[in-house]
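Participant: Residue numbers (this note's numbering), protein chains in the order written: chain A, 30 to 144; chain B, 83 to 390; chain C, 75 to 158.
Have a look at this one.
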Amino acid sequence: MAYRQLFNVALQNSRRSFASSAGHSAHGESSKTWRNAFYIVGLPVVGLVYYNAFYLMPQHPERPEFVPYPHLRIRNRPYPWGDGDHTLFHNKYYNATSKGYDEGSEDLNPAKHHH
Amino acid sequence: MRQPFHLVEFSPWPLLISFSIFSMPIGLINYIRSSSISLLILGLFTTALISFLWWRDVVRESTYQGFHNKLVMKGLKIGIMLFILSEVCFFFAFFWAYFHSSLAPSVEIGAIWPPTGIFTLQAFQVPLLNTSVLLLSGVSITWVHHSIEEGNYKSAMQGLFITILLGLYFLMLQYGEYSETMFSISDGIYGSCFFMATGFHGTHVAVGATFLIVCFFRLKNFHFNKNHHIGFLAAAWYWHFVDVVWLFLYVSIYWWGSFQNSLTLKHWFCNSTMIFFWKKNNSNFKKSIMGNMCMIKDMYWELFMETL
Amino acid sequence: METQAQIELRKKVWAPPFDARFPNQNQTRNCWQNYVDYYRCQKLKGEDYAPCEYFKKVFTQLCPGFWVEQWDDQRANGAFAGKI
Chain A
30 MAYRQLFNVA LQNSRRSFAS SAGHSAHGES SKTWRNAFYI VGLPVVGLVY YNAFYLMPQH
90 PERPEFVPYP HLRIRNRPYP WGDGDHTLFH NKYYNATSKG YDEGSEDLNP AKHHH
Chain B
83 MRQPFHLVEF SPWPLLISFS IFSMPIGLIN YIRSSSISLL ILGLFTTALI SFLWWRDVVR
143 ESTYQGFHNK LVMKGLKIGI MLFILSEVCF FFAFFWAYFH SSLAPSVEIG AIWPPTGIFT
203 LQAFQVPLLN TSVLLLSGVS ITWVHHSIEE GNYKSAMQGL FITILLGLYF LMLQYGEYSE
263 TMFSISDGIY GSCFFMATGF HGTHVAVGAT FLIVCFFRLK NFHFNKNHHI GFLAAAWYWH
323 FVDVVWLFLY VSIYWWGSFQ NSLTLKHWFC NSTMIFFWKK NNSNFKKSIM GNMCMIKDMY
383 WELFMETL
Chain C
75 METQAQIELR KKVWAPPFDA RFPNQNQTRN CWQNYVDYYR CQKLKGEDYA PCEYFKKVFT
135 QLCPGFWVEQ WDDQRANGAF AGKI
């Protein structure tokens, strides 16, 4: 009950504060600068970087040959999920288990499905 | 008793969250060693629940009961800064591990970095996009901050919504990257360092985004005003911190850490100009001056690689 | 002046000289580098090229025997981490 009443008082104070400031002429100066920086400079730059990442640069390279390097694919104990050899973010095409690439995964290059 | 401090009432949360935080590592070890995940889930769930209830109480003390006066606000700000400092130390440890392993790579991994057999992500593709997205979100959250201080409610709501979207977009991109890496967390020291550092950063972005979402609803319900918005301030500082950590991750792990086997700037330049301007007719490009330069450079590059 | 006996002894108990690339007490990298250099030398110059044997002399002195066995196995599997 007390919370409710206090909340209403706080709410009115807040609204008053927002409303009173809206009347001032000084309002909106520096926030406008930052908003403009966001829309005019930032967004186009991110758009260009997006275009570069997904359209200019080569996508989905071929996977390397599996080599049983002892310093890679370390399985001191099995993972607590699945067969214990596949990682949480296992990619059938790019990731090998300790035994090598999954069977029949040679044709799963994501590039072949996109284009 | 008249004094300017906020003497908090009795609360069950400190004790309860101690138990639930303790059950998280115990549950994690139990999951790894005996495949029973229940204690881990219980720990995660109760920690999330008690955090929610505790912070709900803090919001009530601040917004509805008005206990957060000027002096209390000052204390809270110092508290937030100290918390972020502890987070800096946390990430410092991962960078230490990374540079320890990469600056003098051991003979087991071929005495080079990235280790033999590790094919890194391309720093100038999605990771660069991630960098720009986080930097942009840093701009938009500053826009929100100024809007709140000017009392411009609508602009603040809009900017905060965009900031949250950018944070979620970052997480989406990172998920896409994770599912297409050519290495895993079990691929030796490289996988450990990479996934520990970027994974913890990713969870921090998720927490920061949650913090911003809470701020969004508090803003919507008029919890903030021009000179009293500690909750938002904490979220904004935290967001900037997460942003800065990413810059270090990007420069050291993604970029510097892939010098040995990444596409060089030359590759990037030739490849992108080729695809961009001469996508439809490759032979025309090869005949052009730019094309010739790229081809000649390619030849030198091959020769240079052979001397290694 | 060294006597003939001293020279004979010195040849028998030969030890790798100081290598400025590896000034620390830990000689792991020195051992490893000479192992890699030996097989790289043989690859580039042929197995009968006598100067290559110097590298072998150094790494057999510096490396623990079981490291060399491990690395030989890895080379046989094509899974040696060094660039040869």
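Positions of the beta carbon are idealized from the N, C-alpha and C atoms, including for glycine.
Enumerate, from N- to C-terminal direction, the unbroken alpha helix (DSSP H) stretches of 4 or more residues contained entirely within the segment 75–143 of chain A.
Facilitator: Those alpha helix (DSSP H) runs which fall completely within the segment 75–143 of chain A and span 4+ residues are 139–143.
Participant: At a Cβ threshold of 8 Å, is residue 202 of chain B touching chain F?
Facilitator: Looking at the structure shown, chain F is missing, and the protein chains on hand are A, B and C.
Participant: At least one CB of chain B closer than 8 Å to the CB of residue 150 of chain C: is that the case?
Facilitator: Judged by the 8 Å Cβ criterion, residue 150 of chain C is not in contact with chain B.
Participant: According to the Cβ coordinates, are residue 321 of chain B and residue 60 of chain A closer than 8 Å?
Facilitator: Taking 8 Å as the Cβ cut-off, residue 321 of chain B and residue 60 of chain A do not qualify as a contacting pair.
Participant: Run down chain C in chain order and give the residues with a C-beta less than 9 Å from the C-beta of residue 96 of chain A.
Facilitator: Here the neighbours are 151, 152 and 153.
Participant: Scan the segment 98–117 of chain A for residues whose Cβ lies nearer than 7 Å to a Cβ of chain B and list them as they occur along the chain.
Facilitator: Cβ contacts with chain B: 98, 100, 101, 102, 103, 104, 109 and 116.
Participant: Consult DSSP for residue 212 of chain B and reduce its assignment to one of helix, strand or coil.
Facilitator: Helix, per DSSP.
Participant: Considering only C-alpha positions, which residue in the set B/208, B/310, B/184 and B/196 is nearest to residue 151 of chain B?
Facilitator: Nearest of B/208, B/310, B/184 and B/196 to residue 151 of chain B, Cα basis: B/310.
Participant: For residue 230 of chain B and residue 295 of chain B, which I take to be in contact (beta-carbon distance under 8 Å), what is that distance rounded to the nearest angstrom?
Facilitator: At roughly 16 Å, the Cβ-Cβ gap does not stay under 8 Å, so residue 230 of chain B and residue 295 of chain B are not in contact.
Participant: Can you find a C-beta in chain B that's less than 8 Å from the C-beta of residue 59 of chain A?
Facilitator: Closer than 8 Å to some Cβ of chain B, the Cβ of residue 59 of chain A qualifies, so yes.
Participant: What is the rounded straight-line gap between the Cα of residue 198 of chain B and the Cα of residue 114 of chain C?
Facilitator: Approximately 16 Å between the Cα atoms of the pair.
Participant: Taking residue 202 of chain B as the reference, give the member of B/303, B/243 and B/277 with the closest Cα.
Facilitator: Selected option, being the one with the closest Cα: B/277.
Participant: To the nearest angstrom, report how far apart residue 136 of chain A and residue 122 of chain A are at their CA atoms.
Facilitator: If I take the Cα positions, the gap works out to 8 Å.
Participant: Counting contacts by CB-CB distance shorter than 8 Å, is residue 192 of chain B in contact with chain C?
Facilitator: True, the Cβ-Cβ gap to chain C drops below 8 Å.
Participant: Between the segment 325–344 of chain B and the segment 297–310 of chain B, do three or more beta carbon pairs fall short of 8 Å?
Facilitator: Contact between the segment 325–344 of chain B and the segment 297–310 of chain B is absent, because fewer than three Cβ pairs lie under 8 Å.
Participant: By the 10 Å Cβ neighbour count, where 16 or more other Cβ atoms means buried, how is residue 104 of chain A classified, buried or exposed?
Facilitator: Answer is exposed; the Cβ neighbour count stays below 16.
Participant: Any contact of the segment 242–256 of chain B with the segment 109–124 of chain A, i.e. 3+ C-beta pairs under 8 Å?
Facilitator: Counting Cβ pairs under 8 Å, fewer than three are found: no touch.
Participant: What residues match up with residue 307 of chain B in a beta bridge as DSSP calls it?
Facilitator: DSSP lists B/310 as partners of residue 307 of chain B.
Participant: Against chain B, with Cβ distances strictly below 8 Å, would residue 103 of chain C count as a contact?
Facilitator: Judged by the 8 Å Cβ criterion, residue 103 of chain C is in contact with chain B.
Participant: To the nearest angstrom, how far is the alpha carbon of residue 88 of chain B from that of residue 288 of chain B?
Facilitator: The alpha-carbon atoms of residue 88 of chain B and residue 288 of chain B are separated by roughly 31 Å.
Participant: With a 10 Å radius around its C-beta and 16 neighbouring C-beta atoms as the bar for buried, classify residue 54 of chain A as buried or exposed.
Facilitator: Residue confidence for residue 54 of chain A is low, a pLDDT of 44 falling below 50, so the modelled location carries little weight; the figure read from the coordinates is stated next. Exposed: under 16 other Cβ atoms inside 10 Å.
Participant: Does the count of Cβ pairs from the segment 94–102 of chain B and the segment 117–133 of chain B closer than 8 Å reach three?
Facilitator: With the cut-off at 8 Å, the segment 94–102 of chain B and the segment 117–133 of chain B touch.
Participant: Rounded to the nearest angstrom, what separates residue 129 of chain A and residue 93 of chain A at their Cα positions?
Facilitator: In a straight line, the C-alpha of residue 129 of chain A is about 11 Å away from that of residue 93 of chain A.
Participant: From residue 316 of chain B to residue 67 of chain A, what distance separates their C-alpha atoms?
Facilitator: Spanning the two alpha carbons is a distance of roughly 22 Å.
Participant: Kindly indicate the opening and closing residues of the alpha helix (DSSP H) around residue 109 of chain B.
Facilitator: 95–116 is the extent of the alpha helix (DSSP H) around residue 109 of chain B.
Participant: Any idea what DSSP makes of residue 111 of chain C, helix, strand or coil?
Facilitator: The answer is helix: DSSP assigns residue 111 of chain C an H, G or I state.
Participant: For residue 105 of chain B, does the count of other Cβ atoms within 10 angstroms reach 16, so buried, or fall short, so exposed?
Facilitator: Answer is buried; the Cβ neighbour count reaches 16.
Participant: Does the contact criterion of 3 or more C-beta pairs under 8 Å hold for the segment 99–118 of chain C versus the segment 129–138 of chain C?
Facilitator: Touching, yes, given that three or more Cβ pairs across the two stretches are closer than 8 Å.
Participant: Put residue 123 of chain C into one of helix, strand or coil per three-state DSSP.
Facilitator: Coil.
Participant: Looking at the structure shown, is residue 149 of chain C part of a helix, part of a strand, or coil, going by DSSP?
Facilitator: Helix.
Participant: For residue 124 of chain B versus residue 113 of chain B, is the C-beta distance shorter than 8 Å?
Facilitator: No, the pair does not count as a contact, with Cβ atoms beyond the cut-off.
Participant: With a cut-off of 8 Å, do at least 3 Cβ pairs link the segment 207–222 of chain B to the segment 76–95 of chain A?
Facilitator: Yes, since at least three Cβ pairs between the segment 207–222 of chain B and the segment 76–95 of chain A fall closer than 8 Å, the two stretches touch.
Participant: First and last residue of the alpha helix (DSSP H) that includes residue 290 of chain B?
Facilitator: Segment 270–302, the alpha helix (DSSP H) holding residue 290 of chain B.
Participant: Quick check on this structure: which residue in B/93, B/228, B/192 and B/118 has the alpha carbon closest to the alpha carbon of residue 271 of chain B?
Facilitator: Among B/93, B/228, B/192 and B/118, the Cα nearest to that of residue 271 of chain B is on B/192.
Participant: Give a yes or no on whether the C-beta atoms belonging to residue 93 of chain B and residue 102 of chain A are separated by under 8 Å.
Facilitator: No, the pair does not count as a contact, with Cβ atoms beyond the cut-off.
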